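> Residue numbers (the numbering used here): 20 to 478.
Glycine is no exception: its CB is placed at the ideal position from the N, C-alpha and C atoms.
Just so it is clear, the structure is predicted and the values come from calculations on it, not from any experiment.
(1) Kindly indicate the opening and closing residues of the alpha helix (DSSP H) around residue 15.
(2) Rounded to a whole number of angstroms, what is the C-alpha to C-alpha distance between residue 434 and residue 415?
(3) Do residue 423 and residue 456 have their C-beta atoms closer together than 7 angstroms?
(4) Return the bridge partner residues of residue 158 from the DSSP annotation.
(5) Using the rule of at least 16 other Cβ atoms within 10 Å of the residue's Cβ for burial, across every protein chain shown, is residue 409 buried or exposed?
(6) Roughly how many whole angstroms lie between the Cα atoms of residue 136 and residue 293?
(7) How many angstroms separate the CA atom of residue 285 from the CA atom of residue 147?
(8) List the endpoints of the continuous alpha helix (DSSP H) containing residue 308.
(9) Sorted by chain position, which residues of the same chain lie with C-beta nearer than 7 angstroms to residue 431's C-beta, five sequence neighbours on each side aside?
(10) With respect to the beta strand (DSSP E) encompassing residue 183, which residues constitute its N-terminal and C-terminal limits?
(11) Does the count of Cβ pairs from the stretch 86-103 and the stretch 126-141 closer than 8 angstroms reach three?
(12) Give the range of the beta strand (DSSP E) segment to which residue 71 is assigned.
(13) Within 10 angstroms of its Cβ, does residue 170 collect 16 or more other Cβ (buried), or is it exposed?
(14) Taking contact to mean at least 3 C-beta pairs separated by less than 8 angstroms, is the stretch 57-65 in contact with the stretch 89-108?
(15) Determine, for residue 311, whether the minimum Cβ-Cβ distance to residues of chain B falls below 7 angstroms.
(16) From residue 187 to residue 143, what does the alpha carbon distance come to, in whole angstroms?
(17) Provide the residue(s) that pair with residue 171 in DSSP beta bridges, ordered along the chain.
(18) Please go through the same chain and pick out, in chain order, the residues whose beta-carbon is closer than 7 angstroms to the beta-carbon of residue 165, but skip the five residues on each side of it.
(19) Using alpha carbons as the reference points, say which of 189, 428 and 412 lies closest to residue 448.
(20) In three-state DSSP terms, what is residue 144?
(21) To which residues of the same chain is residue 463 closer than 8 angstroms at the C-beta, ignoring the five residues directly before and after it?
(22) Among the candidates 112, 109, 183 and 194, whose CA atom is the shortest distance from the CA of residue 140?
(23) According to DSSP, simplified to helix, strand and coil, what is residue 409?
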């Protein structure tokens, strides 16, 4: 990390351990060069509130609260990006001061420091939990899955991090989680007087922890308990990617209290109820009512015990012909060509209706043609309107024929089914166009005969 400390395995002064404070006379006698770079164990609370002692290095003196002697430490194996030492600060070039997102040092009282202990990497075995360095120089919790020739394969606890192969300098054992009021000073483990009662007291305190315990990795681990209370908010995040409880903790939320600024909000999580799909609101209400009365939830219309409250309705089997017709109808409605034809040229029913209407008008004109030349003004007006409508229909059919020919050219050699449909439609359109042209010629002849008759009878 760009920081090289001295090889001393103790913090300044002879009395720096889990309980004693560094004497002021010794601190004053030490200059900054010998003080900075000394390694030690500094307390750190992880995101779950568990107290752990991490490897750190002294970087300078600091003033603690209420005049308590304190030092500024930099963590050697940062488990969070905010604990990662700022490289610009170490070079004296950081411009952000307290606003820097990286660490410029953490102030720790001297009486909370402990003697430095070398990480026992040799004791790690396959399946052990550890801290491994990732690409961003942050150390994350994981599990050793393989060891070979000094290389360790680590699978991280976070699902967002991929499996990584590291060397011995990129892996350390998980720091021990300390319980409040206990001490892990050397006197507790050297077999001296009083070691037995202290160990018994520590075990007793560990057994009195709540239903969820802070494991070595810093994540919540479910343990067996005889009397389990109501579920707490955020316990499910031990098995998911959720970070809501950690964010609430950083914002000051205390586990077990209510939500909201006054702590009078919800305490228990909202129960999730999955109702069967495709059921009406009445059926869902009946299921919920049954659950409230008996405590059994019906899943998919079945009670949890396996009983079925309502008989299933027997489906009526349709004949093969009707089933085929319905499927054909759905396929026909979903046809793209039918949709385009309906939007551009109208459907078959509208075309047939328009054709029949014009045919009726033409037949009425044929029937009245023998007497219409005698000065029937309504007949002449109707003849002009019908001729205009026929000419417009001819123009529409001609444009439709052009579009079908273009579509036939685009689909030539691609799909035989589509090509056959286009050819059939083109033939029908050409036939209709020929009929309209013949009708247009007859109407034109009638208009010419009417004009000739009018010019011959009027002087």
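This is what the structure gives:
(1) The displayed coordinates of the chain run from 20 to 478. Any statement about residue 15 would go beyond what the structure contains.
(2) Your numbering for residue 434 matches position 415 in the chain shown. Your numbering for residue 415 matches position 396 in the chain shown. Approximately 27 angstroms, taken between the alpha carbons.
(3) If you number the chain shown from 1, residue 423 lands on position 404. If you number the chain shown from 1, residue 456 lands on position 437. Against a cut-off of 7 angstroms, the Cβ pair of residue 456 and residue 423 comes out as no contact.
(4) The residue labelled residue 158 in the question sits at position 139 within the chain shown. Its beta-bridge partners are 152.
(5) As a position in the chain shown, residue 409 is number 390, starting the count at 1. With 16 or more other Cβ atoms within 10 Å, it is buried.
(6) Locating residue 136 in the chain shown gives position 117, where the first residue counts as 1. Locating residue 293 in the chain shown gives position 274, where the first residue counts as 1. Going from the Cα of residue 136 to the Cα of residue 293 covers about 52 angstroms.
(7) The residue given as residue 285 occupies position 266 in the chain shown. The residue given as residue 147 occupies position 128 in the chain shown. Rounded to whole angstroms, residue 285 to residue 147 spans 38 angstroms at the Cα level.
(8) Start at 1 with the first residue of the chain shown, and residue 308 comes out as number 289. That run of the alpha helix (DSSP H) goes 300-313.
(9) As a working mapping, residue 431 is identified with position 412 in the chain shown. Contacts found: 438.
(10) One-based indexing of the chain shown puts residue 183 at position 164. Counting along the chain, the beta strand (DSSP E) containing residue 183 begins and ends at 183-185.
(11) yes
(12) Position 52 of the chain shown, counting from 1, holds the residue named residue 71. Per DSSP, residue 71 belongs to the beta strand (DSSP E) from 70-82.
(13) Position 151 of the chain shown, counted from the start, is the residue given in the question as residue 170. Exposed.
(14) yes
(15) In summary, chain B is missing from the structure at hand, where a single protein chain is found.
(16) Position 168 of the chain shown, counted from the first residue, corresponds to residue 187. Position 124 of the chain shown, counted from the first residue, corresponds to residue 143. So the alpha carbons of these two residues sit roughly 10 angstroms apart.
(17) As a first step, residue 171 must be located in the chain shown, where it is residue number 152. DSSP output for residue 171 lists 166 and 185 as bridge partner(s).
(18) Walking along the chain shown from the start, residue 165 turns up at place 146. Cβ within range, chain order: 145 and 172.
(19) Reading the chain shown from its first residue, position 429 is the one you call residue 448. If we check each option's Cα against that of residue 448, 412 comes out closest.
(20) As a first step, residue 144 must be located in the chain shown, where it is residue number 125. Looking at residue 144 - three-state DSSP - the assignment turns out to be coil, as it is neither helix nor strand.
(21) If you number the chain shown from 1, residue 463 lands on position 444. Cβ neighbours of residue 463 beyond the five flanking positions: 406.
(22) Residue 140 sits at position 121 when you count from the first residue of the chain shown. Checked all of 112, 109, 183 and 194; the closest Cα to residue 140 is 194.
(23) Start at 1 with the first residue of the chain shown, and residue 409 comes out as number 390. Correct three-state label for residue 409: helix.
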